[in-house]
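Contents: one structure, followed by commentary.
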Amino acid sequence: MYKSRLHELCQQRKWCLPEYNATKLVLVHNPRFSAFITINGAAFDMVQLVMSSKEAQNDAVRLALAHFTDLQPRQTNQPSLPASSSKTVLG
Numbered sequence: 152m153y154k155s156r157l158h159e160l161c162q163q164r165k166w167c168l169p170e171y172n173a174t175k176l177v178l179v180h181n182p183r184f185s186a187f188i189t190i191n192g193a194a195f196d197m198v199q200l201v202m203s204s205k206e207a208q209n210d211a212v213r214l215a216l217a218h219f220t221d222l223q224p225r226q227t228n229q230p231s232l233p234a235s236s237s238k239t240v241l242g
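What follows is the structure, given as structure tokens:
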């Protein structure tokens with residue numbers, strides 16, 4: 152739901168579609184995920200670890216939507232500036 156709203160926003164504002172990245176942290180038999188997205192030059196990074204990659208991406212998308220619209224984020228994390236270093240995506 153949130154991804155489609157974000158894609159619509161990008162199309163309305165004539166922006167490129169967001170780039171999604173998820174990072175997997177493996178704790179013994181208990182993997183956790185974080186995600187970040189880049190949209191229109193801004194990076195939105197969810198530092199809270201969650202149970203699934205999909206949930207992590209949804210949280211990052213929700214944060215981006217809150218930044219660009221009046222949607223209230225689930226958490227109060229602030230978007231980070233685009234980093235010059237790349238993050239590793241683990242599968």
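For the sequence shown, my numbering assigns the number 152 to the initial residue and increments by one for each residue that follows. All C-beta atoms, glycine included, are put in the ideal place defined by N, C-alpha and C.
*Would you decide whether Val177 is buried or exposed? Buried here means 16 or more other CB atoms lie within 10 Å of its CB.*
By the neighbour-count rule (16 or more Cβ atoms within 10 Å), Val177 is not buried but exposed.
*Tell whether a beta-carbon distance below 9 Å holds between Ile188 and Trp166.*
no
*asked:* If distances are taken between C-alpha atoms only, which option among Arg164, His180, Val179, Asp196 comes closest to Glu170?
replied: Asp196
*Neighbourhood of Cys161 by C-beta distance below 8 Å, restricted to the same chain and skipping five residues each side*: Cys167, Leu168, Pro169, Ile190, Asn191
_Taking DSSP's pairing of strands, which residues face Leu178 in a bridge?_
Asn181
*Could you check which residue in Pro182, Thr220, Ala211 has the C-alpha nearest to that of Met202?*
Of Pro182, Thr220, Ala211, the residue nearest in Cα terms is Pro182.
*Between the C-alpha atoms of Phe184 and Ser204, what's the straight-line distance to the nearest angstrom?*
5 Å
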